[in-house]
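Input: a single structure, listed below in structure tokens.
Numbering (the working numbering), first residue to last: 166 to 421.
Given below as structure tokens:
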């Protein structure tokens, strides 16, 4: 399959900086802090924008809507969006498939204590096996959690948190399936909390990546302005002295 164009952040240790910022939310001295922050992409969260925003923060805009590179891969959106991320204080669980694995790897390769949940290509071809594996991976991820944070709202679009809406998300509904599920409804087994506001505060912090982007933006703007103004500047021989305007010379009074 076709790979994406590498970005400056691909396979860079700087990718850890944003993960640490998210993990710092979980290590604050408060009894109400969640044990992990859970993020589903695509149809599994009914295309929740808060989840997408968190994924884009951690993965440096990989899932931005204007990422035309994803469209050029030729794979359906539901395959590329087939991702579950659970951030814990000192580890990360990442479910993906053998297709989007190669696109995610450059951005997560340096994450500490990363646990991949991913089938082989041959296993993934069996839809039933793939679906059961996703559900069981989800169950395993959250097994030792009691409070789970949900990135429910995106910046500027605050919504009232409703855990019953979360319960209707397809992957969360599947949690209750007998045999492969988690033996009960997800929202009854775990205490869910909205961590959107805490995440927004984190997104607004300057980090090495955002600083680099800001410098790059200013450099590009300066280059654009310079390139725009240069053709309009009067050209002259730099070695030729500037002559006085003849009109000025004509009106000059003779020296006494």
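Here a beta-carbon is modelled for each residue, glycine too, at the ideal position from N, C-alpha and C.
- Close-in-space but distant-in-sequence residues of the same chain around residue 171 (CB under 8 Å, 5 per side omitted): Bear in mind that a pLDDT of 47 at residue 171, under 50, signals an unreliable position, so the number given afterwards is only what the model happens to contain. Closer than 8 Å at the Cβ level, and outside the excluded window around residue 171, lie 271.
- Message: Runs of 4 residues minimum, wholly inside the region 224–276: which ones carry the alpha helix (DSSP H) assignment?
- Response: Correct list: 233–237, 242–245, 266–273.
- Item | Coarse secondary structure for residue 315, derived from DSSP in three states | In the structure shown, residue 315 sits in a strand (DSSP, three-state: E or B).
- Message: Which of the three DSSP states is assigned to residue 371 in this structure?
- Response: Residue 371 sits in coil when the DSSP states are folded into three classes, being neither helix nor strand.
- Message: Using a Cβ-Cβ cutoff of less than 6 Å, which residues in the same chain neighbour residue 302 once the five nearest sequence positions on both sides are dropped?
- Response: Contacts found: 260, 282.
- Item | Cα-Cα separation between residue 228 and residue 220, rounded to whole angstroms | Computed Cα separation, rounded: 7 Å.
- Query: Pick from 275, 212, 248: whose alpha carbon is nearest that of residue 263?
  - Reply: The shortest CA-to-CA distance from residue 263 to any of 275, 212, 248 is the one to 248.
- Query: In this structure, does DSSP put residue 201 in helix, strand or coil?
  - Reply: DSSP places residue 201 in strand when its eight states are reduced to three.
- Task: Sort 273, 279, 312 by Cα distance to residue 353 and report the nearest one.
- Result: Of the listed residues, the one whose Cα sits closest to residue 353 is 312.
- Return the residue from the list 216, 306, 194, 298 that minimises the CA-CA distance to residue 320. Proximity to residue 320 across 216, 306, 194, 298 peaks at 216, based on C-alpha coordinates.
- Would residue 358 pass as a contact of residue 197 if the rule is Cβ separation under 9 Å? Cβ atoms of residue 358 and residue 197: closer than 9 Å.
- From the DSSP output, in three-state form, read off residue 279 for me. Of the three classes helix, strand and coil, the one that applies to residue 279 here is strand, per DSSP.
- Item | Alpha-carbon spacing of residue 474 relative to residue 186, whole angstroms | There is no way to answer for residue 474, as the model of the chain reaches only from 166 to 421.
- Query: Between the C-alpha atoms of residue 211 and residue 334, what's the straight-line distance to the nearest angstrom?
  - Reply: Answer to the nearest angstrom: the Cα atoms are 6 Å apart.
- Query: In three-state terms, what does DSSP make of residue 357?
  - Reply: Strand, per DSSP.
- Just confirm the distance between the C-beta atoms of residue 253 and residue 200, as a whole number of angstroms; I'd bet it's less than 8 Å. That belief holds up - the Cβ atoms of residue 253 and residue 200 are roughly 7 Å apart, short of 8 Å.
- Item | Same chain, Cβ closer than 7 Å to residue 331, five either side skipped, listed in chain order | So the qualifying residues of the chain are 315, 337, 352, 357.
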